[in-house]
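The block underneath contains the structure these notes are about, expressed in structure tokens.
Numbering (my numbering), first residue to last: 7 to 187.
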């Protein structure tokens, strides 16, 4: 457990990458394997990963994530790899369960697989950032994603040039209780 806590403590959202240093294919493969083995409701695995590592296409995807007016996500062009997470239909059991319990299990499952992915990247010595702000229509066209599919996340990965930052978290007493709220 000590190793996992150390890994989780080191992982941060990196927003500066070495654009000249590509991510090795074998590291990327292990990261994707970790994402694929994430648990999901009724083993539904409602995700599809699109790895974008072609430099020209990656830059076009990065352009769809940044916003000049708000001044956000300009760092995504530096990252050599973008992994788009597309929501897939859940299996019948998970879909019925989502409807009955009024909880989107697919979104919860995608959150779990995203956590596996970024922690695996950290374990490989890579930085990452989960990006939710992007022009979904542009990305869909760039990557030939069918119109009925939702792109939930763009996870950028690369060799971080950003120094480690101290974690600012709420005191555990504020967010943990036992046996009642």
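C-beta: ideal position from N, C-alpha, C; glycine also.
> Unbroken beta strand (DSSP E) runs of length 3 or more, entirely within the region 73-156: which are they?
Replying inline: For the region 73-156, whole beta strand (DSSP E) runs of length 3 or above, ordered along the chain, are 87-93 and 133-137.
> So, helix, strand or coil for residue 207, using DSSP?
Replying inline: The structure shown does not extend to residue 207, since the chain spans only 7 to 187, so no value can be given for it.
>> Rounded to whole angstroms, what is the Cα-Cα separation between residue 120 and residue 100?
In response: If you take the alpha carbons of residue 120 and residue 100, they lie about 19 Å apart.
> Can you pull the DSSP bridge partners for residue 55?
Replying inline: Looking at the DSSP assignment, residue 55 forms a beta bridge with 91.
>> Closer than 8 Å is the cut-off here; do at least three beta carbon pairs connect the region 152-159 with the region 12-19?
In response: Proximity of the region 152-159 to the region 12-19 falls short of the contact definition, fewer than three beta-carbon pairs being nearer than 8 Å.
> What's the call for residue 21, buried or exposed, on a 16-neighbour Cβ count within 10 Å?
Replying inline: Residue 21 is buried by the Cβ-count criterion.
> What residues are listed by DSSP as bridge partners for residue 19?
Replying inline: In the DSSP assignment, residue 19 forms a beta bridge with 134.
> Are the Cβ atoms of residue 115 and residue 50 separated by less than 8 Å?
Replying inline: In this structure, residue 50 lies closer than 8 Å to residue 115 by Cβ.
> residue 167 lies in the alpha helix (DSSP H); which residues open and close that run?
Replying inline: Segment: none, residue 167 is in no alpha helix (DSSP H) and carries neither H nor E.
> Within 10 angstroms of its Cβ, does residue 140 collect 16 or more other Cβ (buried), or is it exposed?
Replying inline: Its Cβ being crowded by 16 or more others within 10 Å, residue 140 is buried.
> Going by beta carbon distance, what residues of the same chain come within less than 8 Å of residue 132, once the five residues before and after it are set aside?
Replying inline: Hits under 8 Å: 29, 33, 37, 163, 164, 165 and 166.
> Counting Cβ pairs closer than 8 Å, one from the region 64-79 and one from the region 37-47, do we hit at least three?
Replying inline: Counting Cβ pairs under 8 Å, fewer than three are found: no touch.
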